[in-house]
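Per the working numbering, the sequence shown starts with residue 1, numbered consecutively.
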Amino acid sequence: MIVAIDGPAASGKGTLARRIAKHFGLTYLDTGSLYRTVACAMLADGLDPHDAEAAHHTAETLDLKRFEDAQLRTIAVGEAASVVAAMPKVRQALLELQRTVASTPPGAVLDGRDIGTVVCPDADVKLFVTASPEERARRRHLELQAGGDVQTYDLVLEQLRIRDRRDAERSEAPLKPAEDAVLLDTSELDIEAAFQAAVEIVSGKR
Ligand code: CDP
1 MIVAIDGPAA SGKGTLARRI AKHFGLTYLD TGSLYRTVAC AMLADGLDPH
51 DAEAAHHTAE TLDLKRFEDA QLRTIAVGEA ASVVAAMPKV RQALLELQRT
101 VASTPPGAVL DGRDIGTVVC PDADVKLFVT ASPEERARRR HLELQAGGDV
151 QTYDLVLEQL RIRDRRDAER SEAPLKPAED AVLLDTSELD IEAAFQAAVE
201 IVSGKR
């Protein structure tokens with residue numbers, strides 16, 4: 001079984017995807033961490049994330065174990081990730097790995113922006129997870145603080161809007177719900193309620 005979970009930044013899809021994978025005994029792949037690793041490697045090596053050729057080379061020779069999760073989750077890496085993610089050659093370089101994980105038994109839950117539309121258009125279940133920008137910024141602000149990355153709420157909200165716009169307006173694999181995706185708005189739901197709602201949707205599609 002393949003479960004595709006897409007949505008904008010900090011919509012709660014990562015937490016949800018991890019729990020859904022555990023609940024149904026599936027592999028979990030956070031596809032955003034692939035783009036974040038490309039971005040983090042470029043920043044660490046003094047490369048400009050806007051340099052398409054360097055980004056392509058970095059994606060093709062990627063060492064996925066090079067960084068800790070905390071290094072990948074900063075606001076600067078998220079911003080650079082959305083820059084490299086708009087580049088077709090970077091996306092192409094990361095596609096096969098994602099499809100291999102998805103098609104390996106017993107199946108997987110993948111979360112990202114284009115899982116239901118491009119990576120796994122035949123996924124058994126597609127969820128599009130959203131929440132209001134203000135609620136997403138509130139959650140991301142807390143998350144960043146917990147990781148020691150101190151930012152103002154206003155800056156987090158502004159960065160989130162910039163990133164969402166870039167992700168939704170790019171020509172290659174833009175952020176948008178697949179036609180057959182089920183929408184799940186978590187603005188008013190805590191993690192437990194969102195998880196229960198997602199379990200019902202996945203169980204219903206099985
Ligand atoms: O955790 P958050 O929702 O903030 O971001 P993420 O899922 O880690 O993704 C970071 C960036 O990678 C996004 O802003 C997208 O530009 C890009 N991305 C993508 O283009 N396609 C995916 N399947 C996953 C992430």
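Every residue, glycine too, gets a C-beta built ideally from N, C-alpha and C. Small disclaimer: the values here were computed from a predicted structure and weren't measured.
By DSSP's assignment, Val129 forms a beta bridge with Leu184.
By DSSP's assignment, Asp111 forms a beta bridge with Ile5 and Asp30. In the structure shown, Asp63 falls within a coil segment according to DSSP collapsed to helix, strand and coil. For Arg170, no alpha helix (DSSP H) segment is defined, and its DSSP state is neither H nor E. Between the alpha carbons of Val118 and Ala173 lies a distance of about 7 Å. For Leu97, the enclosing alpha helix (DSSP H) begins and ends at Pro88 to Ser103. Taking the Cβ atoms as the reference, Ala9 lies roughly 5 Å from Arg163, within the contact range of under 8 Å. Counted as a single uninterrupted DSSP element, the alpha helix (DSSP H) harbouring Val77 occupies residues Ile75 to Val84.
In this structure, Val101 sits near Leu29, with a CB-CB distance shorter than 7 Å. For the 7 Å CB-CB criterion, Ala52 and Arg170 do not form a contact.
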